[in-house]
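Each remark here refers to the structure printed beneath this line.
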Amino acid sequence: MYLDLVFFINFFFDFLILYATKLVLKETTSIKRIVLGSFFGSLTIFLLFLSLSNFILFICKVIISILIVLITFGKNNFFSDFLYFYLISIILGGFLYLLDINFTYQNKGVLFYGSGLGLNLVAVLILSPIFLCFYVKNSKKTKLQNSLLYTVEIYKDEKVYRLRGMLDTGNQLRDPTTGKSVILLNANVDIPISNYFYVPYKALNTEGVIRCSKVELVKICNVEFSKCLIGFSNDKFALGSVDCILPSVFKEDL
178 MYLDLVFFIN
188 FFFDFLILYA
198 TKLVLKETTS
208 IKRIVLGSFF
218 GSLTIFLLFL
228 SLSNFILFIC
238 KVIISILIVL
248 ITFGKNNFFS
258 DFLYFYLISI
268 ILGGFLYLLD
278 INFTYQNKGV
288 LFYGSGLGLN
298 LVAVLILSPI
308 FLCFYVKNSK
318 KTKLQNSLLY
328 TVEIYKDEKV
338 YRLRGMLDTG
348 NQLRDPTTGK
358 SVILLNANVD
368 IPISNYFYVP
378 YKALNTEGVI
388 RCSKVELVKI
398 CNVEFSKCLI
408 GFSNDKFALG
418 SVDCILPSVF
428 KEDL
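Numbering (the working numbering), first residue to last: 178 to 431.
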């Protein structure tokens, strides 16, 4: 057993996991503390030389994980730091297991046997940071999208319509006559109206008019908006389950 190599590999992956946790949660911890936490986590290799039961070994690993998170990030956001530390560890572990199966084992039918090739360490050291980079990028993108999603309640004609809305900083559509901002509804949203009027709009190199209607009230996160209209889009949004697009002016109050 090459103890120094095992120590380096543990340190490398602990550093990747902690640094990925820092990026996902936007923690302000320093690289020095990440290195310190990674170094402390690498000391767990000495547990291999102790005769411990599986239960005691599990308890030791949990305690060490808690200490790693406290050393690296402190105690202010401990629960979320600890949760994401383990989540990213599990995701990276699954990725490495997939590589191990593909590089180390061969199969005939449903039977797997060792090929004797072993896991290519260089490939792991190169692919793991790339994999975590893609994960962090997509995770941050998803968190940003979710932070812009709201439950929207539209009160009109003594009825309440509950929709899923997304705040769009580029949506500055406003009725030039009344000065009211427009909530743009997806084409598949069915809100019956009897009275409507048209509001002109400009988008990039296109311009036209959109059918709008007045509402009594719009409520988002217990914040009430009365100076707004609903506009009916002729096209469906390519935004998943989003029912409406909120104007940028709402950002000041949400």
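Every residue gets a Cβ at the ideal spot worked out from N, C-alpha and C, and that includes glycine.
No experiment lies behind these values; they were computed from the predicted model shown.
Note the first and the last residue of the continuous alpha helix (DSSP H) segment covering residue 419.
Start at 1 with the first residue of the sequence shown, and residue 419 comes out as number 242. No alpha helix (DSSP H) holds residue 419; DSSP gives it neither H nor E.
Can you tell me where the beta strand (DSSP E) holding residue 227 begins and where it ends?
Taking the first residue of the sequence shown as position 1, residue 227 is located at position 50. It is not in any beta strand (DSSP E) - residue 227 carries neither H nor E in the DSSP assignment.
Distance between residue 187 and residue 229 (C-alpha atoms, nearest Å):
By one-based count along the sequence shown, residue 229 stands at place 52. By one-based count along the sequence shown, residue 187 stands at place 10. Those two C-alpha atoms are separated by around 20 Å.
Any beta carbon of chain D sitting closer than 9 Å to that of residue 352?
Absent here is chain D; the protein component of the structure consists of one chain.
Using the DSSP secondary-structure output, state which residues sit across from residue 379 in a beta bridge.
For the purposes of this step, residue 379 is taken as the residue at position 202 of the sequence shown. Paired residue(s): 384.
If you draw a straight line from the C-alpha of residue 333 to the C-alpha of residue 361, how long is it?
The count along the sequence shown starts at 1 and reaches residue 333 at position 156. The count along the sequence shown starts at 1 and reaches residue 361 at position 184. In a straight line, the C-alpha of residue 333 is about 15 Å away from that of residue 361.
Using CA atoms only, rank isn't needed, just tell me which of 415, 363 and 395 is closest to residue 387.
Taking the first residue of the sequence shown as position 1, residue 387 is located at position 210. Among 415, 363 and 395, the Cα nearest to that of residue 387 is on 363.
Report back the beta-carbon spacing between residue 354 and residue 262 to the nearest angstrom; my notes put them in contact at under 8 Å.
By one-based count along the sequence shown, residue 354 stands at place 177. By one-based count along the sequence shown, residue 262 stands at place 85. Actually they do not touch by this definition, with Cβ atoms about 55 Å apart.
Identify, in the order they occur along the chain, each residue of the same chain with its Cβ nearer than 8 Å to the Cβ of residue 222, setting aside the five sequence neighbours on each side.
Taking the sequence shown and counting its residues from 1, the one referred to as residue 222 is at position 45. Excluding sequence neighbours, residue 222 sits near 180, 183, 184 and 187.
Going by the beta-carbon positions, is the gap between residue 344 and residue 416 smaller than 9 Å?
Working through the sequence shown from its first residue, we reach residue 344 at position 167. Working through the sequence shown from its first residue, we reach residue 416 at position 239. No, these two residues do not count as a Cβ contact at 9 Å.
Under 7 Å Cβ to Cβ from residue 287, same chain only, skipping five residues before and after it: list those, please.
By one-based count along the sequence shown, residue 287 stands at place 110. With a pLDDT of only 41 at residue 287, under 50, the local geometry of the prediction cannot be trusted, and no value is derived from it.
In this structure, does DSSP put residue 271 in helix, strand or coil?
As a working note, residue 271 is residue 94 in the sequence shown. Of the three classes helix, strand and coil, the one that applies to residue 271 here is helix, per DSSP.
DSSP state of residue 181 mapped onto helix, strand, coil:
Along the sequence shown, one-based indexing puts residue 181 at 4. Residue state, collapsed to three classes: helix.
Expressed to the nearest angstrom, what Euclidean distance is found between the alpha-carbon atoms of residue 214 and residue 266?
As a first step, residue 214 must be located in the sequence shown, where it is residue number 37. As a first step, residue 266 must be located in the sequence shown, where it is residue number 89. Rounded to whole angstroms, residue 214 to residue 266 spans 14 Å at the Cα level.
With DSSP as the reference, label residue 370 as helix, strand or coil.
Against the sequence shown, residue 370 aligns to sequence position 193. Correct three-state label for residue 370: coil.
C-alpha gap between residue 226 and residue 342, whole angstroms
Within the sequence shown, residue 226 is the residue found at index 49, counting from 1. Within the sequence shown, residue 342 is the residue found at index 165, counting from 1. Roughly 56 Å between the two C-alpha positions.
Under the three-state DSSP convention, the category residue 394 falls into:
Working through the sequence shown from its first residue, we reach residue 394 at position 217. Here residue 394 sits in strand by DSSP.
If you count every other CB in all the chains shown that lies within 10 Å of the CB of residue 358, and 16 or more means buried, which is it?
What you label residue 358 is simply residue 181 of the sequence shown in a count that begins at 1. So residue 358 counts as buried.
On the DSSP letters alone, give me the boundaries of the alpha helix (DSSP H) that residue 213 sits inside.
Here residue 213 refers to the residue found at position 36 of the sequence shown. Note, residue 213: alpha helix (DSSP H), 208 to 219.
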